[in-house]
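*Asks:* Going by the working numbering, the first residue of the sequence shown is number -11, and it counts up by one from there.
Where a beta carbon is used, it is the ideal one built from N, C-alpha and C, also for glycine.
If you're wondering where the values come from, they're calculated on a predicted model, not measured in any experiment.
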Amino acid sequence: MEIKIRTEQIINGQSITNRQLEALWAVGKTGSMSAAAKKLGVSVPVIHRYVTNIESAAGEPVTKSTPMGTVLTAAGKQISDMYMAGEARCSDDHGFTVACSPVTEDLMMSVLSSLKMTDVELVISDDAHNTRMMIEGLADMVLIDDPLYLFDIDEYGFSADEIGYMGMVYVDNGPSFIRYRYGAQRVAFMFLDTLNTTYTVDAETYSLSEMLGSNKSFFVDEFLLTRKGLKLKSAVDPKVLRHAITAIFRSENKTVMKLINALKARHIN
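As structure tokens, then:
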């Protein structure tokens, strides 16, 4: 006998099928409707219909077009992340799972590749989602960009180890800011507050390209820009906004310590 558990989302009273949610996830993963259609083996109009159904329930856009492709809005990302979390809870075969953000994605993938750890499941999301995965028992280790999250999860008794430090670039285009959803953003804006700077956060984005083309002020980790081959002028020395990258894990074991030691060996400073 084979038994499987599936979840569904009910958004504003409207039931959304897993196939529709999978389509939204695929759009976010691939960056385009056509690529998502190819990935799922359906036509582009089907993907459009699925996304439209989700938008109808949400009452707001869940995707938006940019010069670099189609990205999920904040609402779309929230729905997609909840879908993936639900799928992980229902899965009976997920193995060792590590989560990090796009800031440390290339670093983690490089380490996993060098260690030939092909059986590790890697989840890429923001600190809030990744720490929630730890709390809910869906991840074995996460890399946290924002050290303030250590206070948020202190009560759960996880082990922690600093693997390195990163500085942040402050692009100053005036008082109107766009907030990137990754990196130590709370630390950066606390820096502005200490200077008694007048500012407003008028937009948020999961998309690096959208942020770079926004003509607004923003903060972004220098390490991420370097990995992307980008160099931007910073209004302050990135070292002023230096923050720790911390590995959070449940308990020391051979796999965890192998990863942490390899990450530390990269000397991120």
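Should Ser68 go down as buried or exposed, given a rule of 16 or more other Cβ atoms within 10 Å for buried?
*Replies:* The residue labelled residue 68 in the question sits at position 80 within the sequence shown. That one is buried.
*Asks:* Going by beta carbon distance, what residues of the same chain come within less than 7 Å of Asp114, once the five residues before and after it are set aside?
*Replies:* For the purposes of this step, residue 114 is identified with residue 126 of the sequence shown, where counting begins at 1. Same-chain partners within the cutoff: Ser89, Arg169 and Tyr170.
*Asks:* With C-beta atoms as the reference, is Met154 less than 8 Å away from Asp209?
*Replies:* As a first step, residue 154 is located in the sequence shown; it is residue number 166 there, counting from the start. As a first step, residue 209 is located in the sequence shown; it is residue number 221 there, counting from the start. For Met154 and Asp209, yes; Cβs fall inside 8 Å.
*Asks:* Leaving aside the five residues before and after Leu196 along the sequence, list all residues of the same chain whose C-beta is less than 8 Å from its C-beta, in chain order.
*Replies:* Position 208 of the sequence shown, counted from the first residue, corresponds to residue 196. Around Leu196: Pro90, Tyr168, Val208, Leu212 and Lys216.
*Asks:* Quick one: what does DSSP say Val224 is sitting in, helix, strand or coil?
*Replies:* Residue numbering aside, residue 224 sits at position 236 when the sequence shown is read from its first letter. Coil.
*Asks:* Which same chain residues end up closer than 8 Å to Ile(-2) when comparing Cβ atoms and leaving out the 5 residues on each side of it in sequence?
*Replies:* In the sequence shown, counting from the first residue as 1, residue -2 sits at position 10. Within the same chain, Ile(-2) has close Cβ partners Ile4.
*Asks:* Label Lys52 either buried or exposed according to how many other C-beta atoms from any shown protein chain fall within 10 Å of its C-beta, with 16 as the threshold for buried.
*Replies:* Stepping through the sequence shown from its first residue, residue 52 is reached at position 64. Looking at its Cβ environment, which holds fewer than 16 other Cβ atoms inside 10 Å, Lys52 is exposed.
*Asks:* For Met(-11), I'd like the list of residues in its chain whose CB is within less than 7 Å of its CB, leaving aside the five on either flank, ordered along the chain.
*Replies:* Counting from one through the sequence shown, the residue named residue -11 turns up at place 1. Its pLDDT being 34, under 50, Met(-11) is placed unreliably in this model, and the value from its coordinates should be taken loosely. Same-chain partners within the cutoff: there are none.
*Asks:* If you pair each beta-carbon of the segment 29 to 49 with each one of the segment 1 to 15, do three or more pairs fall below 8 Å?
*Replies:* These segments touch.
*Asks:* Could you tell me whether the segment 237 to 255 touches the segment 183 to 193, using the rule of 3 or more Cβ pairs below 8 Å?
*Replies:* Taking 8 Å as the limit for Cβ pairs, the verdict is that the segment 183 to 193 does not touch the segment 237 to 255.
*Asks:* Apart from the five residues just before and just after Val111, which ones in its own chain have a Cβ nearer than 6 Å to its Cβ?
*Replies:* Here residue 111 refers to the residue found at position 123 of the sequence shown. Cβ within range, chain order: Ala87.
*Asks:* Should Phe206 and Val175 be called a contact, given that it needs their Cβ atoms to be closer than 8 Å?
*Replies:* Taking the first residue of the sequence shown as 1, we reach residue 206 at position 218. Taking the first residue of the sequence shown as 1, we reach residue 175 at position 187. No, Cβ-Cβ distance for Phe206 and Val175 is not below 8 Å.
*Asks:* Using only alpha-carbon positions, find the residue among Thr54, Asn6, Lys252 and Leu247 that is nearest to Leu100.
*Replies:* Here residue 100 corresponds to residue number 112 of the sequence shown, with the count starting at 1. When only C-alpha atoms are compared, the closest one is Leu247.
*Asks:* To the nearest angstrom, report how far apart Asp149 and Thr214 are at their CA atoms.
*Replies:* In the sequence shown, residue 149 corresponds to position 161, counting from 1. In the sequence shown, residue 214 corresponds to position 226, counting from 1. Roughly 24 Å between the two C-alpha positions.
*Asks:* Can you give me the Cβ contacts of Asn257 inside the same chain, cut-off strictly under 7 Å, excluding the 5 residues immediately before and after it?
*Replies:* Taking the sequence shown and counting its residues from 1, the one referred to as residue 257 is at position 269. Same-chain partners within the cutoff: Gly152 and Tyr153.
*Asks:* Could you tell me which uninterrupted beta strand (DSSP E) segments, each at least 3 residues in length, are contained entirely in the segment 139 to 184, listed from first to last along the chain?
*Replies:* Listed in chain order, the complete beta strand (DSSP E) runs (minimum 3 residues) inside the segment 139 to 184 are 147 to 154, 156 to 159 and 164 to 168.
*Asks:* Which residue spans inside the segment 20 to 73 form an unbroken alpha helix (DSSP H) run of at least 4?
*Replies:* Whole alpha helix (DSSP H) segments, 4+ residues: 21 to 28 and 32 to 46.
*Asks:* Can you give me the start and stop residues for the alpha helix (DSSP H) that Ile123 sits inside?
*Replies:* Translated into positions along the sequence shown, residue 123 becomes position 135. Ile123 -> alpha helix (DSSP H) spans Asp115 to Ile123.
*Asks:* Kindly give me the distance between the Cβ atoms of Lys204 and Asp225, rounded to whole angstroms, as I take these residues to be in contact under 8 Å.
*Replies:* Start at 1 with the first residue of the sequence shown, and residue 204 comes out as number 216. Start at 1 with the first residue of the sequence shown, and residue 225 comes out as number 237. Not really, about 21 Å apart at Cβ, beyond 8 Å.
*Asks:* In whole angstroms, give me the CA-to-CA distance for Ala45 and Tyr194.
*Replies:* To locate residue 45, count along the sequence shown from 1; it is residue 57. To locate residue 194, count along the sequence shown from 1; it is residue 206. In a straight line, the C-alpha of Ala45 is about 22 Å away from that of Tyr194.
*Asks:* Can the beta-carbon of Ala172 be found less than 8 Å from the beta-carbon of Asp142?
*Replies:* Along the sequence shown, read from residue 1 onward, the residue named residue 172 stands at position 184. Along the sequence shown, read from residue 1 onward, the residue named residue 142 stands at position 154. No.
*Asks:* Please list, in chain order, all residues of the same chain as Leu28 whose beta carbon is under 7 Å from its beta carbon, the five residues on each side excluded.
*Replies:* Sequence index remark: in the sequence shown, residue 28 carries index 40 (1-based). Answer for Leu28: Glu10, Ala11 and Ala14, listed in chain order.
*Asks:* With a threshold of 8 Å on Cβ separation, who are the neighbours of Glu109 within its own chain once the five nearest residues in sequence on each side are excluded?
*Replies:* Position 121 of the sequence shown, counted from the first residue, corresponds to residue 109. Excluding residues within five positions, the ones whose Cβ falls inside 8 Å are His82, Gly83, Phe84, Thr85 and Val86.
*Asks:* Report the rounded CA-to-CA distance for Ser22 versus Val30, giving the unit in angstroms.
*Replies:* Within the sequence shown, numbered from 1, the residue matching residue 22 stands at position 34. Within the sequence shown, numbered from 1, the residue matching residue 30 stands at position 42. C-alpha separation (whole angstroms): 9 Å.
*Asks:* Is the beta carbon of Asn0 sitting closer than 8 Å to the one on Gly64?
*Replies:* Here residue 0 corresponds to residue number 12 of the sequence shown, with the count starting at 1. Here residue 64 corresponds to residue number 76 of the sequence shown, with the count starting at 1. For Asn0 and Gly64, no; Cβs fall outside 8 Å.
*Asks:* Go ahead and label Thr61 buried or exposed: buried means 16 or more other beta carbons lie within 10 angstroms of its beta carbon, across all protein chains shown.
*Replies:* By one-based count along the sequence shown, residue 61 stands at place 73. So Thr61 counts as buried.
*Asks:* Could you give the DSSP three-state label for Met276: helix, strand or coil?
*Replies:* Residue coverage of the chain in this structure runs from -11 to 257, which leaves residue 276 outside it and unanswerable.
*Asks:* List the DSSP bridge partners of Ile4.
*Replies:* Locating residue 4 in the sequence shown gives position 16, counting from the first residue. Paired residues: Gln(-3).
*Asks:* Whole-angstrom Cβ separation of Ser147 and Ser239, contact assumed at under 8 Å?
*Replies:* For the purposes of this step, residue 147 is taken as the residue at position 159 of the sequence shown. For the purposes of this step, residue 239 is taken as the residue at position 251 of the sequence shown. That pair is a contact at about 7 Å.
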